[in-house]
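Notes to accompany the following structure.
Protein chains: 2
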Amino acid sequence: MWFIFTLMFEQIDKFVDQCLLLTAEERELFHSLLRFRKVRKRSYLLQEGEICDFEAYIVKGCVRTYYLSDDGTETILSFAIEDWWVSDLYSFTEQKPSDMFIETIEDSELLIIDRKGKAELYEKLPQFETLFRLLVQRSLFALQRRFHSLVSQTAEQRYLAFVDKYPQIVQRVPQNQIARYLGVSPEFLSKVRSAIIKRR
Amino acid sequence: MWFIFTLMFEQIDKFVDQCLLLTAEERELFHSLLRFRKVRKRSYLLQEGEICDFEAYIVKGCVRTYYLSDDGTETILSFAIEDWWVSDLYSFTEQKPSDMFIETIEDSELLIIDRKGKAELYEKLPQFETLFRLLVQRSLFALQRRFHSLVSQTAEQRYLAFVDKYPQIVQRVPQNQIARYLGVSPEFLSKVRSAIIKRR
DNA sequence: CGCGACGTTGATTTGCCTCAACGATTGTGG
DNA sequence: CCACAATCGTTGAGGCAAATCAACGTCGCG
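From first to last, the protein sequence lines stand for chains V and E. The opening position of the first sequence corresponds to residue 193 in the working numbering, with each subsequent residue numbered one higher. The opening position of the second sequence corresponds to residue 193 in the working numbering, with each subsequent residue numbered one higher.
Right under this line is the structure:
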């Protein structure tokens, strides 16, 4: 039995090791706060109005977070694949109802930590505060750049940059969702693509 | 002499107290890591290409951070006034050349902490890691909402929301910069405003 | 005073959206 | 296993929000 757990945690341990140095007991404590969960494609980890009580490390799969406007159009805030974390941090930390959705794009395997678990983690292993601070910072940097590109670049420039930066995601996510991520309509992204292809 | 320092730190102490409980000695250590600095209107705290070596708490004044595109148009990432912090956190933490500018809009008074000071702060007073983690998180939440509004709302909706949320800033910042912050051209914001006024 | 920064207004253009119709592919229940 | 629905991408016509360019008025300031 134990070897299953070993395998299960292998990835996340490698992730943590990039930043922290843990003893065997510390590692075990960390593991004890995680819960493994499998979810099918197209299921919701969180829906608007709910209070988010998890941060999820993606062992396998693909997930998106998005806002839904009154008129039904989606604004995709992020895609997340293996070795990323996903949550609505605002709802999670402030304990307020979320205004976004988190939905799997593929069958996925997650390691979940809840509010209580995270509080215990910070308390008993304060090194993790550094790790999560750096994670949040990185999200902020990425969003700053994305904000900049949204106002200063054309849809085509943004698309090309996206393909260049996240080729794996282009393979795995439907094109209309990539369009919403880039801030354009699916129809227009289609036209952009055909223009690119025609040109060469 | 001491009373000047007392006054100088009064604001930032109140800020810290919202989140932390410090002893007199801890407070003193914190103060010792800060440097007071006055800067005139329209001066740069940071320019593109430089490595950012500060986080600045604004005692008094008004500051903006922005990107500059090749064609000369500015993308304003943030305004900051009294009781806010300003820095290029990416450049600061990664020690990489910055791709943005930080410029005062008014004569300003700052309390500055540099890389070395911040490392010492985290080491000796780890409570501050929590404080800064929460600050970064709040920036992320704000930017997420702003990103959403940028793709899902019209210029007029964004402007009205901005006036509603930051009336003080509207008073203090030139209109063309508010336009750039909202992601529109100064000319168009002018037209939006006159349409609003005409309507009532 | 004259100059630069700032806001306004109008004419024209454009990037992108909306709506609608149409194939292709996938998936699912009978 | 097939039939039908749902999902997904493409294409075209028409429209609109916002950009661009240019001209002009105003104010504060060296």
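Note that beta-carbon positions come from the ideal geometry of N, C-alpha and C, so glycine has one too.
Is Y249 (chain E) near the ligand MG, in the sense that its beta carbon is under 7 angstroms from a heavy atom of that ligand? Among the components of this structure there are no ligands whatsoever, and the ligand MG is therefore not found.
Report the three-state DSSP secondary structure of I297 (chain V) (helix, strand or coil). coil
How would you label S386 (chain E), buried or exposed, when you count the other beta carbons within 10 angstroms and need 16 or more for buried? exposed
Once you ignore the five residues that flank R364 (chain E) on each side, which residues in its own chain have a CB closer than 6 angstroms to its CB? Answer for R364 (chain E): C254, listed in chain order.
Is the distance from the Cβ of L342 (chain E) to the Cβ of L342 (chain V) below 8 angstroms? At a Cβ-Cβ threshold of 8 angstroms, L342 (chain E) and L342 (chain V) count as neighbours.
Inter-stretch contact (C-beta, 8 angstroms, three-pair minimum) for the stretch 281–297 of chain E and the stretch 342–361 of chain E: Counting Cβ pairs under 8 angstroms, fewer than three are found: no touch.
Beta-carbon proximity list for M292 (chain V), same chain, < 6 angstroms, skipping 5 on both sides: T257, Y259 and D280
Counting only Cβ-Cβ distances shorter than 8 angstroms, please list the residues of the stretch 261–274 of chain E near chain V, keeping chain order. S261, T265, T267 and L269
Strictly below 9 angstroms CB to CB, what residues from chain V border G253 (chain E)? Chain V residues near G253 (chain E): none, gap ~22 angstroms exceeds 9 angstroms.
Per DSSP, cross-strand counterpart(s) of T267 (chain V): For T267 (chain V), which the question treats as bridged, DSSP gives the partners V:Y259.
Between the C-alpha atoms of I309 (chain V) and P378 (chain V), what's the straight-line distance to the nearest angstrom? The residue asked about is misnamed: residue 309 (chain V) is Gly in this sequence, not Ile. Spanning the alpha carbons of G309 (chain V) and P378 (chain V) requires a straight line of approximately 40 angstroms.
Please classify Q336 (chain V) as buried or exposed, where buried requires at least 16 other C-beta atoms within 10 Å of its C-beta. buried
Kindly say whether Q329 (chain V), judged by its beta-carbon, lies nearer than 8 angstroms to any beta-carbon of chain E. yes
What does E247 (chain E) pair with, by DSSP beta-bridge criteria? E:I305
Measure from the C-beta of Q369 (chain E) to each C-beta in chain V and report whether the shortest distance is under 8 angstroms. Residue-level contact by beta carbon fails for Q369 (chain E) and chain V, as no gap is shorter than 8 angstroms.
In terms of alpha-carbon separation, which member of E:S235, E:Q239, E:F333 and E:S331 lies closest to K288 (chain E)? E:Q239
Got a sec? Which residues, its chain only, sit under 8 angstroms from R272 (chain V) by beta carbon, not counting five neighbours each side? This sequence places Ala at residue 272 (chain V); Arg is not what is there. If we look at A272 (chain V) and ignore the five residues flanking it on each side, its Cβ neighbours are I250, C254, V255, R256, T257 and V278.
Of the residues V:A216, V:E315, V:L226 and V:L214, which one's Cα is nearest the Cα of L303 (chain V)? V:L226
Quick check on E321 (chain V) - is its C-beta less than 8 angstroms from some C-beta in chain E? yes
Using a Cβ-Cβ cutoff of 9 angstroms, what residues of the stretch 349–368 of chain E are near chain V? List them in chain order. none
Residues of the stretch 368–390 of chain V with Cβ closer than 8 angstroms to any Cβ of chain E, in chain order: G375
Looking only at C-alpha atoms, which of E:F380, E:I370, E:D356 and E:L214 sits nearest to T267 (chain E)? E:I370
For a test of the three-state rule: what should DSSP assign to P366 (chain V), helix, strand or coil? coil
Throw me the rounded Cβ distance for the L332 (chain E) and S331 (chain V) pair, which I believe falls under 8 angstroms. 6 angstroms
Are F207 (chain V) and D262 (chain V) close, meaning C-beta to C-beta below 8 angstroms? With respect to the 8 angstroms criterion, F207 (chain V) and D262 (chain V) are not classified as neighbours on the basis of their beta carbons.
Please tell me whether D205 (chain E) and D245 (chain E) are closer than 8 angstroms, where the distance is taken between their beta carbons. It is not a contact, given that the beta carbons lie outside the stated cut-off.
Can you tell me which of V:A248, V:E202 and V:S300 puts its alpha carbon nearest to the alpha carbon of V231 (chain V)? Relative to the Cα of V231 (chain V), the nearest Cα in the group V:A248, V:E202 and V:S300 belongs to V:S300.
Identify whether K233 (chain E) lies in helix, strand or coil by the three-state DSSP scheme. Three-state result, K233 (chain E): coil.
Using a threshold of 8 angstroms, state whether the C-beta atoms of K233 (chain V) and E298 (chain V) are closer than that. yes
Rounded C-alpha distance that separates Y236 (chain E) from E242 (chain E): 11 angstroms
Looking at the structure shown, is V384 (chain V) part of a helix, part of a strand, or coil, going by DSSP? DSSP places V384 (chain V) in helix when its eight states are reduced to three.
DSSP state of K288 (chain V) mapped onto helix, strand, coil: coil
Tell me whether the beta-carbon of T322 (chain E) lies closer than 8 angstroms to the beta-carbon of E321 (chain V). yes
Given that R307 (chain V) touches chain E, what residues does it touch there, using C-beta distances under 8 angstroms? Result: empty, since nearest Cβ-Cβ is about 15 angstroms, beyond 8 angstroms.
Comparing C-alpha positions only, which one of E:E348, E:A311 and E:T296 sits nearest to L221 (chain E)? E:A311
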